[in-house]
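Remarks on the structure that follows.
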Amino acid sequence: MNKFERTRSLHQFYRDEFSRLIFLPETDALPAHIVTEILHYKNSDIATLEPQIMEAMTDLDADKELAVKRMLCAIAAANAAFDFKNQGKPTPFSKEMSDTITGWVVEALQHDDSINLLVAGIQVFFRINEIEAALFLISNYYAVVNPSPTVMKILLLVCLMEDDFNQMQTLIQQLTANPEHIGEDALTMLMIVTGIHKLGGCPESFIDFSALKMPDYEPDFSHYAWLLPAEENGKTTVLVACDKRYYFDHALTLLGSVYHTNGDRLNVHLHLYNPDDETKAHVNSLHQRFPGMVISATAETITPVFGINVWYASRRFVFLSYALSVFTSPIMVLDADCLVRKNWSDIAPHLPKSEIVLSYSNGAPPWEQVPAGFVYTVPGALSRKYLSLVATFIDWNLRRGNAEWFLDQVALSVSLDALPAVDQMAIHREPLEKLIDIRYTDDTFSWTVTTQKSGGEAYQNYKAAMQQTYFA
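For the sequence shown, our numbering assigns the number 1107 to the initial residue and increments by one for each residue that follows.
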């Protein structure tokens, strides 16, 4: 690991996960309302908070007091980096503020380098994307901070991003040797199983990777019910899967955006989870709103289970595997809460003639190597092979109660790894920002919501326009 470019490209969401909770009981010596504002409410108004912190009276010795106060100032200023502060949009942290925070952390540790302050400093640096500074502290104080589960998790994430296999293996062994270090932390478990997979192993708990080696396993496709028949007209079909709430809240405006930008040049297939009579009736009336556009629909009944949202997100790819045996024209999977901005005929000619087009992001962790928000397939031997692996992986894990976070993207990513090299080379990878954009630029094919599950002003205005145009 040298420049940590891939780690620095990570979405802020992941940096937040391991820096949100900071254990600093030394702050009990300061006024509770100040500490609560910073550690609980994530207040980042450092201009107001710094004088309050520095003027507070404590019974700590002089060195400890200055160290705790300066670290609390650093934490408060670093709160501005949180994902929710920027509505989920990737936003570089202020270089000037980063330098100020670095100075405060250094000053704090010069006066007291006990473990709680060290770990807090590492978390602050990680949150504001000063990766080298965080790793410098870990390296220089390794014997002190090594027992900290938080430090081990941060280091494991960096190792996963930078392919540092030797240290990755050591950290996985350390974490799994003491289950208390992991607890109920789903993200840490996800890092561990994907790390084991990258190291050549086959984890079978949390998420079962043995599903990649089940050539005779077939998901049950017999329970799909057709509500509206598909029509073979040679056009690409946009596949959208959703339950009733997402249908009315999001999928309808997606349909509006497809029609608005592409007219009748794209088909749409709705795969509906547990649709009631109201939803079915509404689907049957859609042709009146979108004349000329072919809309087909299927229903899938899913009984209430743990992780139902994971089922909804993942089972669309099981259906896609089935759809490749029914449709003869290309199928494009889109998230229900995205909005199409471009005519597909403006995008498709710039893509190579490949059976499969997937997106990629340089800042994606291993479990997001294949984003699930855009998958384009042309029915053929390679697409059937790949999606069969994906469907088996998802179905096998869901049937065993492994409805874990990111299951769909884990399946897409590790199934790609499982293909022979010649097959992997035949799959085209397009930069994510050209196909799905959370910055809402004019050059991308579609806009989608951020990690905060809300779109910015441009997204909301476009969504409102689609609602007004087609459903008012």
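Positions of the beta carbon are idealized from the N, C-alpha and C atoms, including for glycine.
Cut-off 6 angstroms between Cβ atoms - residues of its own chain near residue i, not counting five sequence neighbours on either side
{"i": "R1535", "result": "L1464 and Y1466"}
{"i": "K1170", "result": "D1218"}
{"i": "M1267", "result": "R1112 and T1113"}
{"i": "P1325", "result": "V1424, A1497 and D1501"}
{"i": "E1563", "result": "none"}
{"i": "M1107", "result": "Here the model assigns M1107 a pLDDT of 44, short of 50, so the residue's position is not dependable and the matter cannot be decided."}
{"i": "L1155", "result": "A1182"}
{"i": "Y1428", "result": "F1327"}
{"i": "M1295", "result": "F1312"}
{"i": "V1141", "result": "T1133"}
{"i": "F1231", "result": "A1239 and A1240"}
{"i": "H1356", "result": "A1442 and D1443"}
{"i": "Y1323", "result": "T1498"}
{"i": "G1561", "result": "V1555"}
Whole-Å CB distance - residue i paired with residue j, under 8 angstroms assumed
{"i": "F1312", "j": "E1510", "result": "6 angstroms"}
{"i": "L1223", "j": "F1499", "result": "Not confirmed; about 44 angstroms, so no contact."}
{"i": "F1110", "j": "E1238", "result": "6 angstroms"}
{"i": "D1638", "j": "R1506", "result": "Examination of residue 1638 is not possible in this model, given that the chain is present from 1107 through 1578 alone."}
{"i": "S1435", "j": "T1343", "result": "6 angstroms"}
{"i": "H1117", "j": "P1196", "result": "6 angstroms"}
{"i": "I1221", "j": "V1250", "result": "5 angstroms"}
{"i": "A1336", "j": "V1411", "result": "Their Cβ separation, rounded to whole angstroms, is 28 angstroms, which puts A1336 and V1411 out of contact at 8 angstroms."}
{"i": "M1572", "j": "G1362", "result": "4 angstroms"}
{"i": "K1350", "j": "P1381", "result": "6 angstroms"}
{"i": "R1233", "j": "D1122", "result": "7 angstroms"}
Given residue i as reference, the closest of the options once Cα atoms are compared
{"i": "R1444", "options": "A1347, V1225, V1299 and A1240", "result": "Per the sequence shown, the amino acid found at residue 1444 is Cys instead of Arg. For the residues A1347, V1225, V1299 and A1240, the minimum Cα distance to C1444 belongs to A1347."}
{"i": "A1183", "options": "A1578, V1257 and D1205", "result": "D1205"}
{"i": "F1577", "options": "E1310, S1254 and V1389", "result": "V1389"}
{"i": "R1176", "options": "E1132, V1416 and W1450", "result": "E1132"}
{"i": "I1278", "options": "P1309, N1449 and S1402", "result": "P1309"}
{"i": "E1286", "options": "M1297, L1261, T1256 and V1299", "result": "T1256"}
{"i": "D1452", "options": "I1144, A1173, F1551 and E1461", "result": "F1551"}
{"i": "H1377", "options": "N1339, G1362, H1329 and F1231", "result": "H1329"}
{"i": "V1481", "options": "V1528, G1469, I1533 and N1468", "result": "I1533"}
{"i": "D1583", "options": "V1555, S1115, V1141 and D1167", "result": "Missing from the structure shown is residue 1583; the chain here goes from 1107 to 1578 and no further."}
{"i": "M1438", "options": "A1478, I1408, A1419 and P1472", "result": "A1478"}
{"i": "S1420", "options": "A1470, A1331 and F1512", "result": "F1512"}
{"i": "T1407", "options": "I1462, L1333, A1173 and D1548", "result": "L1333"}
{"i": "M1320", "options": "A1524, T1547 and Q1566", "result": "A1524"}
{"i": "A1331", "options": "N1368, T1300 and A1405", "result": "A1405"}
Three-state class that DSSP yields for residue i in the structure shown
{"i": "V1389", "result": "helix"}
{"i": "M1177", "result": "helix"}
{"i": "M1107", "result": "Because M1107 sits at a pLDDT of 44, beneath the cut-off of 50, its placement in the model cannot be relied upon, and the following sentence gives the value as read from the coordinates. Residue state, collapsed to three classes: coil."}
{"i": "R1371", "result": "coil"}
{"i": "Y1576", "result": "helix"}
{"i": "V1446", "result": "strand"}
{"i": "M1438", "result": "strand"}
{"i": "P1335", "result": "coil"}
{"i": "R1114", "result": "helix"}
{"i": "Y1147", "result": "coil"}
{"i": "D1543", "result": "strand"}
{"i": "I1462", "result": "strand"}
{"i": "W1553", "result": "strand"}
{"i": "I1401", "result": "strand"}
{"i": "L1376", "result": "strand"}
{"i": "H1329", "result": "coil"}
{"i": "F1312", "result": "coil"}
{"i": "P1537", "result": "strand"}
{"i": "S1125", "result": "coil"}
{"i": "V1346", "result": "strand"}
{"i": "E1406", "result": "strand"}
{"i": "T1483", "result": "strand"}
{"i": "D1514", "result": "helix"}
{"i": "Y1353", "result": "helix"}
{"i": "Y1428", "result": "helix"}
{"i": "G1307", "result": "coil"}
Same chain only: Cβ atoms within 8 angstroms of residue i, ignoring 5 sequence neighbours per side
{"i": "V1476", "result": "L1464, S1465, Y1466, Q1515, L1518, S1519 and L1522"}
{"i": "V1364", "result": "V1344, L1372, V1374, M1399 and V1446"}
{"i": "N1246", "result": "none"}
{"i": "L1145", "result": "I1128, L1130, T1133 and I1181"}
{"i": "T1575", "result": "G1362 and H1366"}
{"i": "T1075", "result": "Residue 1075 is absent from the model: the chain starts at 1107 and stops at 1578."}
The ligand SAM heavy atom lying under 7 angstroms from the CB of residue i
{"i": "M1399", "result": "Because no ligand of any kind appears in the structure shown, any question about the ligand SAM cannot be addressed here."}
Same chain only: Cβ atoms within 7 angstroms of residue i, ignoring 5 sequence neighbours per side
{"i": "L1127", "result": "none"}
{"i": "A1544", "result": "The amino acid at residue 1544 is misidentified as Ala; the sequence shows Ile. Around I1544: G1194, K1195, T1554 and T1556."}
{"i": "L1538", "result": "S1465, Y1466, S1467 and P1477"}
{"i": "Y1580", "result": "Given a span of 1107 to 1578 for the chain in the structure shown, any question on residue 1580 remains unanswerable."}
Contact between the stretch 1482-1492 and the stretch 1396-1404 (3+ Cβ pairs under 8 angstroms): Verdict: no, contact absent.
Inter-stretch contact at 8 angstroms, needing at least 3 Cβ pairs: the stretch 1140-1157 / the stretch 1220-1236: no
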